[in-house]
Structures are given as structure tokens and as C-alpha cells.
Amino acid sequence: MSIPVRPGAARPAATSGAADPLAPLLDLPGVRDAADAARAGIDRLLGHRVLRRESAGVSTESALRGARASAALDGVDVPLADLRAGSVGDPVVQGALRVSAGLGSMVETWSRAPGQVLARLHVLAAADLAESAALGRPAPHAGPRLSGLFSLVTGGTAAPAVLVAALVHGELAALAPFGTADGVVARAAGRLTGIGRGLDPKAVSVPEVGFAELGAQAYAQALAGYASGTEAGVAGWLVHCCRATEHGALEGLAICESLLRG
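Below you can see the structure in the form of C-alpha cells.
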């Protein structure tokens with residue numbers, strides 16, 4: 001299981017002459033420093049010498065650990081060794097594994113047809129949790145807000161990719177458009193955004209582990225703050241996502257070191 005992506009993924013920029021709607025995010029309390037720290041952490045990871053020859057191996061391990069952590073955030077925490085052994089049949093875990101395995105094939109399409117990719121993510125995540133007729137079908141209430149989210153995904157901005165990924169993640173997690181496996185889908189969409197916008201083009205960090213290490217309660221509280229729509233709530237969520245990204249970069253470095261040791 002890996003997330004193979006092309007090197008040097010594009011970094012969309014804001015449309016010339018148009019106001020960048022995401023620019024004010026950097027002026028929220030603590031956000032600029034947190035985004036810079038997240039970028040620096042990822043850059044340290046991307047500079048690791050193992051990635052010159054073993055980026056696919058790191059991405060494979062990152063996908064496995066990311067799936068485990070994403071399932072844990074939804075309340076199903078299983079040992080990594082059991083995942084390696086293929087002995088975990090829990091539907092939440094299996095859905096997270098399918099999503100992680102499928103991300104690489106979705107990177108190119110995500111920035112062009114996010115609705116299509118979102119439906120596919122839900123099919124993978126919720127195949128054993130929802131009726132087949134409901135798979136990939138957002139609830140009617142989600143339509144208007146999803147349209148805004150899709151514009152965010154396909155549009156250009158000069159805002160750091162880590163912040164765009166955080167917004168995508170936060171919007172989907174708060175909206176819960178499907179009613180099942182929304183957390184796994186939201187985290188995957190955030191990760192896709194980070195990969196596609198050049199934050200982690202080799203898919204070797206593990207942001208899901210970052211969120212898990214910061215704690216499920218802190219994750220829920222930060223998400224509730226974002227859902228409140230207040231300036232403080234949005235800033236808190238963005239900073240939380242940046243910190244999780246830093247932790248995820250450290251997890252990627254740990255994977256690199258383990259491969260280096262053989």
C-alpha cells in the first residue's frame with residue numbers, strides 16, 4: 001500500500017489581479033508562525049537522504065500508519081503489528097486502509113473534480129458501514145456548502161498549502177456530508193490537498209498520526225472551534241492542524257530512520 005505521486009506537485013497560485021480570500025488567515029493569532037513551523041518540519045523530512053532512494057517505501061509505511069491513526073481518531077485503535085499481519089477485520093479500520101491505499105490515484109483528479117473524488121473516498125471508507133445506495137452520496141443539506149468547498153479545492157491561492165488542507169479537512173469534518181465515515185474522508189481529503197499543493201508531494205509525512213498524538217479530545221475541541229465560525233475558533237483549528245503536520249513530519253522522519261537502519 002503506497003501513495004505514489006509525481007515529484008514536484010503543483011502549487012496553485014492566486015489569480016492575478018483578484019483578491020485572495022484566504023490571505024487574511026495568516027493574520028489570525030498564531031497562524032503564520034504555526035504554518036511556517038509546519039512547512040519547516042516537512043522540509044526537514046523531505047531533505048532526508050533515505051528519500052533519494054526509498055521514497056516509495058516511506059510512502060507505503062506512511063499510508064499504513066496514517067490509516068491506523070485515522071481509525072483511532074474514530075474510536076478504533078488497533079496495534080500496528082496487527083495491521084501488518086492482516087488480522088484486523090473492523091470495518092472502520094478496513095475503510096481507512098482502503099482510503100490510504102487509494103489516495104495516490106486520486107491526487108491528479110482531486111484538484112479538477114473534487115466531487116468525484118469525494119464520492120470515491122466515501123465508497124472506500126464506508127463500504128462496510130453504510131447501505132450501498134448511500135455510498136458516495138452526500139446528504140441534501142450538504143450541497144451548498146460542498147459547492148463552496150469545491151471552489152476552494154479547484155481555485156488558486158497564495159496561502160500556504162497546510163492552511164488550505166486544514167480548511168478542506170475542517171469543512172468536511174464539520175459538515176459530515178455523508179453521515180458515515182466522515183472523519184476518515186475529511187482527513188483523507190486534507191491529506192490529498194497537502195500532497196497536490198506541494199506541501200508533501202512525496203506523501204511521506206503522516207499527518208493523521210500528528211492528530212492522534214495531540215489527542216482525540218484536542219482534535220474534537222479544535223474542530224468544534226472551527227465549526228463555531230468565530231475568529232478564535234478558526235485560528236485554533238488552523239494552528240492545531242499545523243501542529244499535527246509538524247508531528248506528522250516527525251513520524252515520517254522516524255520511518256526514514258527505521259529504513260536507514262534496515
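In case it helps, UniProt numbering puts the sequence shown at residues 1 to 262. C-beta: ideal position from N, C-alpha, C; glycine also. Being a predicted model, the structure only gives us computed values, none of them experimental.
Minimum length 3: unbroken beta strand (DSSP E) runs contained in the segment 64-151 | For the segment 64-151, not a single whole beta strand (DSSP E) run of length 3 or above is found.
Candidates S87, S147 and A125: which alpha carbon is nearest A101's?
-> Counting from one through the sequence shown, the residue named residue 101 turns up at place 101. Of the candidates S87, S147 and A125, the one whose C-alpha sits nearest the C-alpha of A101 is A125.
Neighbour-count burial assignment, T230, 16 or more Cβ in a 10 Å radius = In the sequence shown, residue 230 corresponds to position 230, counting from 1. Answer is exposed; the Cβ neighbour count stays below 16.
Cβ separation of P138 and L129, assumed to be a contact under 8 Å, to the nearest whole Å = Indexing the sequence shown from 1 puts residue 138 at position 138. Indexing the sequence shown from 1 puts residue 129 at position 129. Actually they are not in contact, since the Cβ atoms of P138 and L129 sit about 15 Å apart, beyond 8 Å.
Looking at the structure shown, is R52 part of a helix, part of a strand, or coil, going by DSSP?
-> Locating residue 52 in the sequence shown gives position 52, where the first residue counts as 1. In the structure shown, R52 sits in a helix (DSSP, three-state: H, G or I).
Which residues in the same chain as T193 place their Cβ atom closer than 6 Å to its Cβ, once the five residues preceding and following it in sequence are excluded?
-> Indexing the sequence shown from 1 puts residue 193 at position 193. Closer than 6 Å at the Cβ level, and outside the excluded window around T193, lie V164, A165 and V168.
Own chain residues within Cβ distance below 7 Å of L199, not counting five before or after | The residue you call residue 199 lines up with position 199 of the sequence shown. Contacts found: I42, A161, V162 and A165.
In terms of residues, what are the limits of the alpha helix (DSSP H) holding T245?
-> Here residue 245 refers to the residue found at position 245 of the sequence shown. First-last of the alpha helix (DSSP H) with T245: E231 to R261.
Can you tell me the Cα-Cα spacing of H240 and G89, whole angstroms?
-> Taking the sequence shown and counting its residues from 1, the one referred to as residue 240 is at position 240. Taking the sequence shown and counting its residues from 1, the one referred to as residue 89 is at position 89. Computed Cα separation, rounded: 31 Å.
Decide if A188 is buried, meaning its Cβ has at least 16 other Cβ atoms within 10 Å, or exposed.
-> The residue you call residue 188 lines up with position 188 of the sequence shown. A188 is buried by the Cβ-count criterion.
Express the C-alpha separation of Y226 and G170 in angstroms, rounding to a whole number.
-> Taking the first residue of the sequence shown as position 1, residue 170 is located at position 170. Taking the first residue of the sequence shown as position 1, residue 226 is located at position 226. Each residue's alpha carbon lies about 7 Å from the other.
Is T157 closer than 9 Å to S205 when the C-beta atoms are compared?
-> As a first step, residue 205 is located in the sequence shown; it is residue number 205 there, counting from the start. As a first step, residue 157 is located in the sequence shown; it is residue number 157 there, counting from the start. Their beta carbons are not under 9 Å apart, which means S205 does not touch T157 by this criterion.
Specify the secondary structure class of P201 as computed by DSSP and reduced to three states.
-> Within the sequence shown, numbered from 1, the residue matching residue 201 stands at position 201. Looking at P201 - three-state DSSP - the assignment turns out to be coil, as it is neither helix nor strand.
Cα-Cα separation between A127 and A222, rounded to whole angstroms = As a working mapping, residue 127 is identified with position 127 in the sequence shown. As a working mapping, residue 222 is identified with position 222 in the sequence shown. Each residue's CA atom was taken as its position, placing A127 and A222 some 28 Å apart.
What residues in its chain sit with their C-beta under 7 Å from that of L259, if we drop five residues either side in the sequence?
-> Translated into positions along the sequence shown, residue 259 becomes position 259. Closer than 7 Å at the Cβ level, and outside the excluded window around L259, lie V50, E54, G57 and V58.
Expressed to the nearest angstrom, what Euclidean distance is found between the alpha-carbon atoms of C256 and H48?
-> As a first step, residue 256 must be located in the sequence shown, where it is residue number 256. As a first step, residue 48 must be located in the sequence shown, where it is residue number 48. For C256 and H48, the distance between alpha carbons rounds to 7 Å.
State the Cα-Cα distance for the pair V184 and D36, rounded to the nearest angstrom.
-> As a first step, residue 184 is located in the sequence shown; it is residue number 184 there, counting from the start. As a first step, residue 36 is located in the sequence shown; it is residue number 36 there, counting from the start. Between V184 and D36, the C-alpha separation is close to 26 Å.
Could you spell out the range, first to last residue, of the alpha helix (DSSP H) harbouring G190?
-> For this step, residue 190 is matched to residue 190 along the sequence shown. Segment D182 to G196, the alpha helix (DSSP H) holding G190.
Indicate whether the contact test is met: 3 or more Cβ pairs, each with one atom in the segment 64-72 and one in the segment 206-215, closer than 8 Å.
-> When Cβ pairs closer than 8 Å are counted between the two stretches, the segment 64-72 is seen to touch the segment 206-215, the count reaching three or more.
Pick from E208, S111, A133 and M106: whose alpha carbon is nearest that of R120?
-> Reading the sequence shown from its first residue, position 120 is the one you call residue 120. R120 has its Cα closest to that of M106, out of E208, S111, A133 and M106.
With DSSP as the reference, label P4 as helix, strand or coil.
-> By one-based count along the sequence shown, residue 4 stands at place 4. Here the model assigns P4 a pLDDT of 33, short of 50, so the residue's position is not dependable, and the following value carries that caveat. In the structure shown, P4 sits in coil (DSSP, three-state: anything other than H, G, I, E or B).
Which residues in the same chain have their Cβ closer than 8 Å to the Cβ of G115, if we skip the five residues on either side of it in sequence?
-> Translated into the one-based positions of the sequence shown, residue 115 becomes position 115. Apart from sequence neighbours up to five positions away, the residues of its chain that approach G115 with a beta-carbon distance below 8 Å are L146 and F150, ordered along the chain.
Hey, quick one: how far does the alpha helix (DSSP H) through L167 stretch, first residue to last?
-> Position 167 of the sequence shown, counted from the start, is the residue given in the question as residue 167. Its alpha helix (DSSP H) spans residues A161 to L175.
Would the beta-carbon of A220 fall within 9 Å of that of G233?
-> One-based indexing of the sequence shown puts residue 220 at position 220. One-based indexing of the sequence shown puts residue 233 at position 233. Contact annotation: A220 and G233 have beta-carbon atoms that are not nearer than 9 Å.
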